[in-house]
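Protein chains in written order, with the working numbering: chain A, 106 to 305; chain B, 106 to 305; chain C, 106 to 305; chain D, 106 to 305. Heads up, the thing below is written out as structure tokens.
4 protein chains.
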Amino acid sequence: MTDTSKEKTTEQKIEDAAVELFSNKGFHETSMRDLAAEAGVAIGTIYHHYEDKNQIMLKMIRRALEEREKTIQELNESNLPVKWQLEKVLRMHLERVQKNETRGKLVLNQLRQPNKAFQQEFNRLYDELANYLTNLFQRGIETGEVTSCNPRVAAYALLGAVETVTLKAVAGKLELTEEFLDNGPRQLTNLLWHGIESSN
Amino acid sequence: MTDTSKEKTTEQKIEDAAVELFSNKGFHETSMRDLAAEAGVAIGTIYHHYEDKNQIMLKMIRRALEEREKTIQELNESNLPVKWQLEKVLRMHLERVQKNETRGKLVLNQLRQPNKAFQQEFNRLYDELANYLTNLFQRGIETGEVTSCNPRVAAYALLGAVETVTLKAVAGKLELTEEFLDNGPRQLTNLLWHGIESSN
Amino acid sequence: MTDTSKEKTTEQKIEDAAVELFSNKGFHETSMRDLAAEAGVAIGTIYHHYEDKNQIMLKMIRRALEEREKTIQELNESNLPVKWQLEKVLRMHLERVQKNETRGKLVLNQLRQPNKAFQQEFNRLYDELANYLTNLFQRGIETGEVTSCNPRVAAYALLGAVETVTLKAVAGKLELTEEFLDNGPRQLTNLLWHGIESSN
Amino acid sequence: MTDTSKEKTTEQKIEDAAVELFSNKGFHETSMRDLAAEAGVAIGTIYHHYEDKNQIMLKMIRRALEEREKTIQELNESNLPVKWQLEKVLRMHLERVQKNETRGKLVLNQLRQPNKAFQQEFNRLYDELANYLTNLFQRGIETGEVTSCNPRVAAYALLGAVETVTLKAVAGKLELTEEFLDNGPRQLTNLLWHGIESSN
DNA sequence: TATGAATGAGACTTCATTCAT
DNA sequence: AATGAATGAAGTCTCATTCAT
């Protein structure tokens, strides 16, 4: 029984099953039975680790967002130029999704759900991202780096653009070549930064 | 019994209830009982008009998207400059949402749901939009109006940006003043067109 | 509008639909909607002709059995030899089923249903048949035409044998050649009469 | 908690309730609520043990017929004279019904139902019986034990006769004295074997 | 900690029946 | 007489959750 680091813990098995099923079938379409079967544990076991079904989702969301939160706080405290921060944020986002496609899909799927019990906390965490970007743009406007605009609108526009591109990529609607995944963040930054107008 | 055109048809009552509840509580969280109560009809009456619950959602989605499809086909056949078409599309979108906030919310909420029965048809309609924009940008690149970029990525980015801004506005996260709703499309077009870089 | 005797009356349409569906799908599996659709009339129309669904079945059953009852009463009052009466009854039965297969199936299907509302009356009518045969055999025993046996047991055995053969024939499990339908009654009578023992 | 072998298992409770209600009220007239109440368990519990309502009936049918199948296979492989096998089959049948009247009634009630989901498998099992008898008679004809006749017709006639007698007995229409139940099979065999003609 | 049988509220859906037209 | 939209009770089945082992 010496743990050889090969065997997953029960907790890990449940978490993996949840990410897999919630992101591919959806929260409601996944029953506790499905979850237990996918994880290879008994239903009762899941209830030893989570209070109820909502808490499972909540934990997945928290874990995914908290990682992002941390990076954002660091960036927020740096005084890097706006464009630079923007590229870093995009790069972080794409890397996260690349590293764990399924969890990324899970979070992105949740973004538009109304009114669920765990939606409140989810929105709280999500708003931090929006606030960070809003402030970033606000400061950019003040320093002249960014064109005059409603910074919150710009923030949501940016988030929406990135989310959608990512989701479609993960869903297989976009061929994300190696090259795109490497240069993508810079290209996307440029696109957003300079707009789609030809400079000719 | 003189029909004063004030009274809603049964079908209309059901439709209104569905839009109201699906967009505010979500599809799964809305039971047929809820729906019947909100519409002021018996449960059986709903089944007289719709085959099952999914078909109700499907009809709402179809109706919302088919209106958009028509406008897009017209634009597609016009030969207006890319930027102009872009502004027209945004204007159409905002007007639609303004005119029927709830239905707009309903559709936007559905964009990210995985795997439901009606998701297939929904995606088919949604892809037409994406294809239209992709072609628009592709032609723009060829005519030199648009900077060199992956036109499909740009299309999804644009869609995501607009969806998110709209959804947040409808959800009350953005104060959309009268002025914004009037000038919004032009401003948003400019933002997307020139990017957020200051021209100073 | 002069009735050209080609057009079925509404009542006839309903009756035909009922026989068709009840015998092929079963009573419970046939909804009033199915019935209305098959008959080509509105649901409400059916309720102008029948009090409720049970009454429709009841009427089918009554009609089928009353025809048989009449013949049996006549036979009962005749003083034909037992074997002769037996053959006549079998012939009548097979002819009836041949003439209206579906109605025959309907009745045979009902023979074994427990406890239904209309089962009571059905059984009353069915028992008349059993009683007739019981009396027939009883008299046969008294006159020495029939071997000593429990006449009621013999009656039920006969009924069961005939029903089952008929039902299987109608269901396609037996190839009932023209020849069998002609000579069947006599052969079956002989089989029952002399048993299956070889006379060699 | 010492299991005194007096307490029924949940499965057994459900099975007993199903046999009781299906045979007395009928399949359609028995709701899952009825079943749960009679068994003294929750509705959900039934679904823990059976996939759906049809599967419950199917299991009852299978159990009843599989016992019969086994005996028949043994007889089939024996080379006993036809008349002897016939008597043994009848004896087995009557004993089975005597031992578990209700289950017997259940099966007999199902014999005539059209088209239900579980009817297909039921018919498969039932046909084995018919085939066995058909072959038995066929061989009897070849060996000269049995009179020349369509052996399949004879098989169905026999089955029908026995079923109906049994069912009426169980339903209380026949007074089956101890004596009859003991000597019944021999008498019934004789009746079928020699026919009802008096040998005088 | 782990199990999985048991629970029962509540979901979706069907369907015989009514009634205004 | 004929229609069919409307009704709502009752049906089957699902599922998050509990609890004795």
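Even glycine gets a Cβ: it sits at the ideal position worked out from N, Cα and C. These figures come from a predicted structure and were not determined experimentally.
Mind listing the chain D neighbours of residue i? Cutoff is C-beta to C-beta under 9 Å, in chain order.
i        : result
Gln218/C : Gly131, Asn214, Arg217, Gln218
Ser136/C : Within 9 Å Cβ-Cβ: nothing; Ser136/C doesn't reach chain D, min ~13 Å.
Express the C-alpha separation of residue j and residue i in angstroms, rounding to a whole number.
i        : j        : result
Ala370/A : Gly249/B : In the structure as shown, chain A begins at 106 and stops at 305. Residue 370/A is therefore absent and cannot be evaluated.
Asp157/B : Ala222/B : 12 Å
Tyr155/B : Gln292/A : 47 Å
Ile119/D : Lys113/B : 50 Å
Gly277/D : Gln117/B : 59 Å
Glu233/B : Ala122/C : 47 Å
Ala147/B : Glu206/B : 27 Å
Lys210/A : Met162/A : 13 Å
Thr107/B : Asn159/B : With a pLDDT of 43 at Thr107/B, under the threshold of 50, the predicted position of this residue should be treated as unreliable, and no value is reported.
Glu172/A : Tyr261/A : 20 Å
Ser303/C : Leu296/C : 11 Å
Gln190/C : Ala266/C : 17 Å
Asn240/B : Pro256/B : 8 Å
Glu179/A : Ala235/A : 15 Å
His299/A : Ser253/B : 12 Å
Ile151/A : Phe132/A : 16 Å
Gln203/C : Ser128/C : 15 Å
Gly145/B : Glu174/C : 54 Å
Lys164/B : Ser183/B : 29 Å
Phe285/B : Asn181/B : 27 Å
Thr259/D : Lys130/D : According to the sequence as given, residue 259/D is Ala; it is not Thr. Those two C-alpha atoms are separated by around 32 Å.
Val194/D : Thr282/D : 20 Å
Thr115/D : Thr115/A : 31 Å
Ile301/A : Ile301/B : 11 Å
Glu247/D : His153/D : 52 Å
Arg201/A : Arg201/B : 35 Å
Given 7 Å as the limit, tell me if residue i has its C-beta closer than that to any heavy atom belonging to the ligand SAH.
i        : result
His154/D : Here there are no bound small molecules, and the ligand SAH is not part of this structure.
Name, in chain order, the residues that DSSP records as bridge partners for residue i.
i        : result
Glu302/D : Val251/C
Applying a beta-carbon distance threshold of less than 7 Å, which residues of chain A neighbour residue i?
i        : result
Lys273/B : Tyr261
Leu238/B : Chain A residues near Leu238/B: none, gap ~11 Å exceeds 7 Å.
Which chain A residues are close to residue i, counting only those with a beta carbon under 8 Å from its beta carbon?
i        : result
His299/B : Thr252, His299, Gly300, Glu302
Using a Cβ-Cβ cutoff of less than 6 Å, which residues in the same chain neighbour residue i once the five nearest sequence positions on both sides are dropped?
i        : result
Thr176/B : Met197
Arg208/D : Val124, Ala169
Leu230/B : Leu170
Leu279/B : Lys273
Leu185/A : none
Run down chain D in chain order and give the residues with a C-beta less than 7 Å from the C-beta of residue i.
i        : result
Arg257/C : Leu279
Going along the chain, which residues of its own chain have a beta-carbon closer than 8 Å to the beta-carbon of residue i, five neighbours each way excluded?
i        : result
Glu192/C : Pro290, Arg291, Thr294
Asp287/C : none
Met137/C : Ile148, Ile151, Lys158
Leu103/D : One cannot answer for residue 103/D here, as it falls past the ends of chain D, which runs 106 to 305.
If I measure Cβ to Cβ from residue i and keep anything under 7 Å in the same chain, skipping five residues before and after, which residues do I get?
i        : result
Leu213/B : Glu268, Thr271, Leu272
Val251/D : Val187, Phe242, Gly245
Leu126/D : Thr135, Asp139, Leu140, Glu143
His215/B : Rather than His, the amino acid found at residue 215/B in this sequence is Gln. Correct list, in chain order: Ile166, Phe227.
Gln218/D : Gln224
Leu263/B : Leu238, Leu297
Could you work out which residues of chain C lie near residue i, taking near to mean beta carbons separated by less than 8 Å?
i        : result
Ser128/D : Pro219
Which chain B residues sit within Cβ distance under 8 Å of residue i?
i       : result
Glu59/A : Residue 59/A lies beyond the range of chain A shown here (106 to 305); nothing can be said about it.
Listing by chain order, which chain C residues have their CB less than 9 Å from the CB of residue i?
i        : result
Leu195/D : Here the premise fails: no neighbours, minimum Cβ distance about 11 Å.
Using a C-beta to C-beta distance shorter than 8 Å, which residues of chain D count as neighbours of residue i?
i        : result
Leu185/C : Going along chain D, no residue has its Cβ under 8 Å from Leu185/C, so there is no contact; the nearest lies around 16 Å.
Give the residues of chain B in contact with residue i, contact being defined as C-beta atoms less than 7 Å apart.
i        : result
Leu230/A : Ordered by position in chain B, no residue passes the 7 Å Cβ test against Leu230/A, which lies about 15 Å from the chain.
Leu163/A : Those do not exist, as Leu163/A stays about 17 Å from chain B at its closest Cβ, beyond 7 Å.
Since residue i meets chain C, which of its residues come closer than 7 Å, beta carbon to beta carbon?
i       : result
Leu75/D : The requested residue 75/D is not part of the displayed model; chain D covers only 106 to 305.
Contiguous alpha helix (DSSP H) assignments of at least 4 residues, all confined to the region 195-237 of chain D: If we require 4 residues or more, the alpha helix (DSSP H) runs fully inside the region 195-237 of chain D come out as 206-215.
Minimum length 4: unbroken alpha helix (DSSP H) runs contained in the region 145-190 of chain A: As summarised for the region 145-190 of chain A, the continuous alpha helix (DSSP H) elements at least 4 residues long and confined to that stretch are 148-154, 158-182, given in chain order.
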